[in-house]
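Below is one structure, written out as structure tokens, with a few remarks after it.
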Amino acid sequence: MSSKNKNFDIQTVSIKGMHCRSCEIMIEDNLLKIPGVKKVSVSHTKGQANIYYDRKINTQAIATAVNSAGYDLGTENLPLVSKNLNDYVDLGWALFIVVSLYVVAKSSGLFNLGDFLTGSYSNLWLVLLVGITAGLSTCMAMVGGLVLGISAKYSEDHPHASVTEKFTPHLVFNSARVISYSFLGGIIGLAGSIIQLSPIFIGGLTVTVGLIMLLLGGQLIDIFPVLKKISFTVPKKISRLLGLKDQSSSPYTHKNAAVLGSLTFFLPCGFTQAMQLYAMSTGSLLAGALTMGVFALGTTPGLLGIGGLTSALKGAWAKFFFKTAGIVVIFLAFTNLNGGLTLLGLNTGYQSILSSISAKPEVTETSGVINRGDIQEVNMTQNSTGYNPNYFVIKKGVPVRWIINSTSSYSCATSLIAPKLGIRKNLKSGQNIIEFTPTQTGIIPFSCSMGMYSGSFKVI
């Protein structure tokens, strides 16, 4: 605070409903329009606004300014766990819908679409799903104000424009987002390939992605209200510098809209941060570009629909939708956590729990092995759903010839690693042979480079 500000009076008001930097900036801009207000400092984590003024201001004027930004005056005490029974009823119905959709998708073969995608891109449909969810939730909250500002400014500058013409700013903004996200995602992926990320580092990144998504999913299901206090933001001054502010101060141009759309890459919500980490972990320029491009494409329906689709998702319906989306995000979070923990050698994820339920009995003889003289031959098939079989019992000190038949050579499972053996191999279509000799008893795990598909050798 400068010395000049010492002459100002300060009034602190409580505000409900804030959850990100964008909220703070919109409220500050509105409060600064009140005559006599010289400075405003808003904190969404504290739920407060400090208003600096040099003459008495009307409380009603403050309330009006806050309301016009979409928020309300008042204190919001967030409990650890919701006590509203309806929240749990809605969550139950949302879970039922998600499970039903999963069963239908699995039985219809929808999860096998990865067979038609290239590289480690069989997970792109999941990335698209995350993008759609983000576009209707946190990305909308972060970028929605900017989109509305651009649209409003265009309408103000072109009052007689047709409906189609008024939709143009949305297309320019979102097209620039998809293009820039693809370009910058490629750079991130390329950086990952140059650095040659180790399985441990990729595992750490994947666990981080999982934790971020778990938090976001927890916020969406709204069973733990206290989680709303946690957000992923950048400093407010940088947000303003990148354009997240009132757009009325500058004239609309397609160039400005495109630049602002591109710069939203650096105003990440939690979902965007998670996808950026995932893009880096692919270690590929093309995979990184596709990951971020598909994610941005997924956010487009929500951002294009501001004022349209979003108006249909209000009140109870919006709450129910977010709970459903939250369950999906939590499922994806556990998938990432399991994969990351596998790469870290700490596979305690839900797949391990499922495995323990059908735990294999103690084995004293080789299993899944063909003895050819003094060599143990192991045959395994790799496809879009992983490795089959994925469990073998071999003898210590006897050379192993591991024959892998790759039938889906462009799925995530083609990138095979076995850290204990020092093996890292990209499987080609058809037969692949790996030879090694186990030197000690115990478990030798193997998995894809993302830890999503795994298996093991038991050495006796």
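Note that the sequence shown covers residues 1 to 460 in full-length UniProt numbering. Glycine included, every Cβ here is placed at the ideal spot set by N, Cα and C. It should be emphasised that the depicted structure is a prediction, and the values quoted were computed from it without experimental measurement.
Nearest-angstrom Cα separation, counted from residue j out to residue i
| i | j | result |
| --- | --- | --- |
| V103 | M280 | 32 Å |
| I417 | K166 | 52 Å |
| G36 | L220 | 39 Å |
| L101 | N371 | 45 Å |
| I423 | G430 | 19 Å |
| W402 | K46 | 58 Å |
| S41 | A63 | 16 Å |
| V398 | T407 | 28 Å |
| S415 | L124 | 16 Å |
| T310 | L211 | With a pLDDT of 44 at T310, under the threshold of 50, the modelled position of that residue is not reliable, and the figure given next carries that caveat. The alpha-carbon atoms of T310 and L211 are separated by roughly 28 Å. |
| residue 463 | S175 | There is simply no residue 463 to check, as the chain begins at 1 and stops at 460 in what is shown. |
| I404 | V328 | 33 Å |
| M18 | R55 | 27 Å |
| K395 | S384 | 29 Å |
| M26 | A257 | 19 Å |
| A413 | V400 | 21 Å |
| L244 | F265 | Low per-residue confidence applies at L244: pLDDT is 48, beneath 50, and the placement is therefore not dependable, though the value from the model is reported in the following sentence. Roughly 12 Å separates the two Cα atoms. |
| L117 | L190 | Because L117 carries a pLDDT of 48, less than 50, the predicted location of this residue cannot be relied on, and the following value inherits that uncertainty. Rounded to whole angstroms, L117 to L190 spans 20 Å at the Cα level. |
| F322 | V127 | 17 Å |
| I97 | P225 | 23 Å |
| F446 | S284 | 21 Å |
| I57 | T75 | 21 Å |
| G373 | G455 | 26 Å |
| Q48 | I230 | 15 Å |
| H158 | V99 | 48 Å |
| F8 | K39 | 9 Å |
| I375 | K228 | 58 Å |
| residue 531 | T168 | Absent from the structure is residue 531, since the part of the chain shown begins at 1 and ends at 460. |
| I434 | M380 | 11 Å |
8 Å Cβ cutoff met for residue i and residue j
| i | j | result |
| --- | --- | --- |
| Y387 | Y453 | yes |
| residue 474 | M213 | Outside the modelled stretch of the chain, which goes from 1 to 460, sits residue 474, for which no answer is possible. |
| G298 | I132 | yes |
| L78 | S14 | no |
| A274 | V209 | yes |
| S107 | S180 | no |
| D90 | F320 | yes |
| L216 | F271 | yes |
| L343 | G218 | no |
| V178 | G293 | yes |
| V81 | I223 | yes |
| E28 | H44 | no |
| F277 | L205 | Correcting the residue type first, residue 277 is Leu in the shown sequence and not Phe. Their beta carbons are under 8 Å apart, which means L277 touches L205 by this criterion. |
| I444 | L427 | no |
| T291 | T300 | no |
| L69 | T324 | In the sequence on display, residue 69 carries Ala and not Leu. Cβ distance not < 8 Å, so A69 and T324 don't count as in contact. |
| G340 | V207 | yes |
| G288 | G186 | yes |
Residue i - partner residues in DSSP beta bridges
| i | result |
| --- | --- |
| I394 | V459 |
| K16 | D72 |
| S43 | Q48 |
| C448 | L416 |
| I10 | Y52 |
| Y387 | Q382 |
| T230 | The question names Thr, but residue 230 in the sequence shown is Ile. Per DSSP, none; premise fails for I230. |
| F436 | V400 |
| S406 | Q382 and G430 |
| R177 | Answer by DSSP bridge pairing: none, since R177 is not bridged. |
| K425 | L416 |
| E377 | I370 and R401 |
Closest Cα partner of residue i within the set the options
| i | options | result |
| --- | --- | --- |
| K425 | T437, K56 and Q382 | Q382 |
| N50 | T59, S82, K38 and I10 | I10 |
| S182 | I327, T75 and L286 | L286 |
| residue 486 | V66, F266 and A289 | In the structure displayed, the chain extends from 1 to 460; residue 486 sits before or after that span and is not available. |
| L184 | V226, L31, F295 and A61 | F295 |
| G203 | L346, V172 and A413 | L346 |
| S193 | T441, S449 and Y53 | S449 |
| L436 | S447, L427, V459 and K428 | Checking the sequence shown, residue 436 turns out to be Phe, not Leu. The residue with the shortest Cα to Cα distance from F436 is V459. |
| T439 | F457, S82 and K38 | F457 |
| Q60 | I34, S43 and T264 | I34 |
| T12 | S284, G326, Y52 and K56 | Y52 |
| T441 | T300, V393, N84 and L31 | V393 |
| H254 | Y88, A289, S162 and H170 | H170 |
| N432 | G186, Q48 and V378 | V378 |
| Y71 | D374, L31, I434 and D87 | L31 |
| G368 | P389, P419 and D374 | P389 |
| V130 | P419, A333 and G373 | A333 |
| P419 | S198, D87, M380 and H160 | S198 |
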